[in-house]
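Enquirer: Last residue of the sequence shown: 376 (the numbering used here), numbering continuous.
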Amino acid sequence: MSRRVLFLSNFPVPYQMEFLRAVEAGGELSLASYFLADRDPARGWPGPAGARVLPSPGASLLPPELRVHPTLPLEIERARPEAAIICGYSYATFQAALALCAVARIPALVWAETPRMAEGGTARRLLRRALIEPVRRMARGVMAVGTRAAEVWRGVLGAGVPVTSFPYVCDLDRYLVIERGARDRPFTFLFSGQLVARKGVDVLLAAFARAAERDPGVRLLVAGDGPDRGRLQAQAHALRGGVEFLGFVGWDDLPGVYARADALVIPSRHDGWALVVNEAFGAGLPVIASDAVGAAIELVRPGETGEIVPAGEVEPLAEALLRVQPQATRMGAAAREVARDRLLPSQAAARLARIVEAAIGGERLP
11 MSRRVLFLSN
21 FPVPYQMEFL
31 RAVEAGGELS
41 LASYFLADRD
51 PARGWPGPAG
61 ARVLPSPGAS
71 LLPPELRVHP
81 TLPLEIERAR
91 PEAAIICGYS
101 YATFQAALAL
111 CAVARIPALV
121 WAETPRMAEG
131 GTARRLLRRA
141 LIEPVRRMAR
151 GVMAVGTRAA
161 EVWRGVLGAG
171 VPVTSFPYVC
181 DLDRYLVIER
191 GARDRPFTFL
201 FSGQLVARKG
211 VDVLLAAFAR
221 AAERDPGVRL
231 LVAGDGPDRG
241 RLQAQAHALR
251 GGVEFLGFVG
261 WDDLPGVYAR
271 ADALVIPSRH
281 DGWALVVNEA
291 FGAGLPVIAS
301 DAVGAAIELV
311 RPGETGEIVP
321 AGEVEPLAEA
331 LLRVQPQATR
341 MGAAAREVAR
351 DRLLPSQAAA
361 RLARIVEAAI
371 GGERLP
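Written out as structure tokens, the structure is:
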């Protein structure tokens, strides 16, 4: 008999919907999934059909974090969940869900990225601590997005709240079928993501310029859009070729972009996880990432499936771009094996069922 689970998230993003379908297909959990808005306003992905969005009066007047969803108590009562998974803690509705679950004696698991406790001014840090306090008091446990996040959560919460690592996953079938044969074009690096400061694309362009001085044949594809696009295109223009900006790429079109590349570069100044690492591994690409990328710390083995470099530093990244090229085929094949062994949604769904069962039984989270 499958366990009834309430799943509450902010937006129905594609990779999360893929994971939820895998959970339902596993048959061990029966999900009642709800979202606070129909799409992520910071990304170009359309909201999927069929996602259940909680109504929010006056939603256009408030940021997502402050909106109220008055039907939440009724939906929890209707779902009669045996456990709840709440994807975050900083939204008012997530806080309300924690409190409602505590009153109803429903074990609640918080699924969240690294809490960045030291960032911002005094007021922001105090607010973050205040928002985490209900997690400490009312959550059955935290499913941290990766081992680095789990370490931080353990330090923040102390020994009283169980913490386990539970990274993001996505459907990799469409990446695993990409064929990797002999290369009949220039070696091509790929960046895929939002064009915002924290993604470090300015550092990548500077590093690519140095690498291109030593190997003029290399190319760089930049897939994504964002407020920094104009500035980054101006920076790339000074390189006189070798960089192509693709703009926003739809979810269904991403595998075709990965098929054009030989290595993925993710030079973020901060990235809680970075699902593009999963995608690249599935596509058989080595990954060159900064040490501020959660997925890279967990998945990339330097010299075997890619390279890890210090965040924000140009020369180490330039050297890694050159170092990976002659080893890309071997590294990409090893990365794809990691994807098959560890990163499939069916594997994560089976583990989630074990975590939920432990939470219901008051046992140690696996």
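Yeah, the Cβ is synthetic: ideal placement off N, Cα and C, and Gly gets one too. Every value quoted in this text rests on a predicted model; they were computed, and no experiment measured them.
#1: Residue range of the alpha helix (DSSP H) that Ala219 falls in?
#2: My understanding is that Asp263 touches Gly54, with C-beta atoms under 8 angstroms, so please give their C-beta distance in whole angstroms.
#3: At what residue ranges does the stretch 51-139 contain a whole run of the alpha helix (DSSP H), taking only runs of 4 or more?
#4: Can you look up Val366 in the DSSP assignment and give me helix, strand or coil?
#5: Here's the rule: buried if 16 or more other CB atoms are within 10 angstroms of the residue's CB, otherwise exposed. What is Ser70?
#6: Measuring CA to CA, which of Gly304, Leu119, Phe291, Glu92 is closest to Trp283?
#7: At 4 residues or longer, and completely inside the stretch 142-183: list those alpha helix (DSSP H) runs for me, N to C.
#8: Between which residues of its own chain and Ala328 is the CB-CB distance below 6 angstroms, once the five residues before and five after are set aside?
#9: Between Arg229, Gly266, Arg340, which lies nearest to Gly251 when the distance is taken from Cα to Cα?
#10: Would you mind reading off the limits of the beta strand (DSSP E) that contains Phe291?
#11: Helix, strand or coil: which one does DSSP assign to Ser356?
#12: Opposite Val253 in the DSSP bridges: which residues?
#13: Starting from Val206 and walking both ways along the beta strand (DSSP E), at which residues does that stretch end?
#14: Work out the CA separation of Phe21 and Ala345 for me, nearest whole Å.
#15: With which residues is Tyr44 paired in a DSSP beta bridge?
#16: By DSSP's criteria, Pro312 is part of a beta bridge. Which residues make up the other side?
#17: Going straight from the alpha carbon of Ala269 to that of Asp183, what length do you get?
#18: Using the beta-carbon count (16 or more within 10 Å), is His247 buried or exposed?
#19: Whose C-alpha, out of Thr157, Val179, Glu143, Leu205, is nearest the C-alpha of Gly168?
#20: Does the Cβ-Cβ distance between Gly151 and Leu119 come in under 8 angstroms?
#21: Please classify Val275: does DSSP put it in a helix, a strand, or coil?
#22: Using the Cα positions of Val33 and Val179, report the straight-line distance between them to the nearest angstrom.
#23: Going by DSSP, what residue range makes up the beta strand (DSSP E) through Val297?
#24: According to DSSP, Arg13 sits in a beta bridge with which residue or residues?
#25: Can you name, in chain order, every residue of its own chain whose Cβ lies under 7 angstroms from the Cβ of Arg3, other than the five neighbours on each side?
Expert: Working from what's here:
#1: First-last of the alpha helix (DSSP H) with Ala219: 211-224.
#2: At roughly 11 angstroms, the Cβ-Cβ gap does not stay under 8 angstroms, so Asp263 and Gly54 are not in contact.
#3: For the stretch 51-139, whole alpha helix (DSSP H) runs of length 4 or above, ordered along the chain, are 82-89, 102-114.
#4: helix
#5: exposed
#6: Gly304
#7: 157-167
#8: Ala217, Arg220, Ala221
#9: Arg229
#10: Unbroken run through Phe291 is the alpha helix (DSSP H), 286-292; no beta strand (DSSP E).
#11: In this structure, Ser356 counts as helix in the three-state DSSP scheme.
#12: Leu230
#13: From DSSP, Val206 is part of no beta strand (DSSP E); its letter is neither H nor E.
#14: 29 angstroms
#15: The partner list for Tyr44 (beta bridge, DSSP) reads Leu18.
#16: Gly316
#17: 14 angstroms
#18: exposed
#19: Of Thr157, Val179, Glu143, Leu205, the smallest CA-CA separation from Gly168 is found for Glu143.
#20: yes
#21: Note: Val275 maps to strand in three-state DSSP.
#22: 12 angstroms
#23: 297-300
#24: The secondary-structure analysis by DSSP pairs Arg13 across a beta bridge with Leu39.
#25: The structure shown does not extend to residue 3, since the chain is modelled only from 11 to 376, so the question has no answer here.
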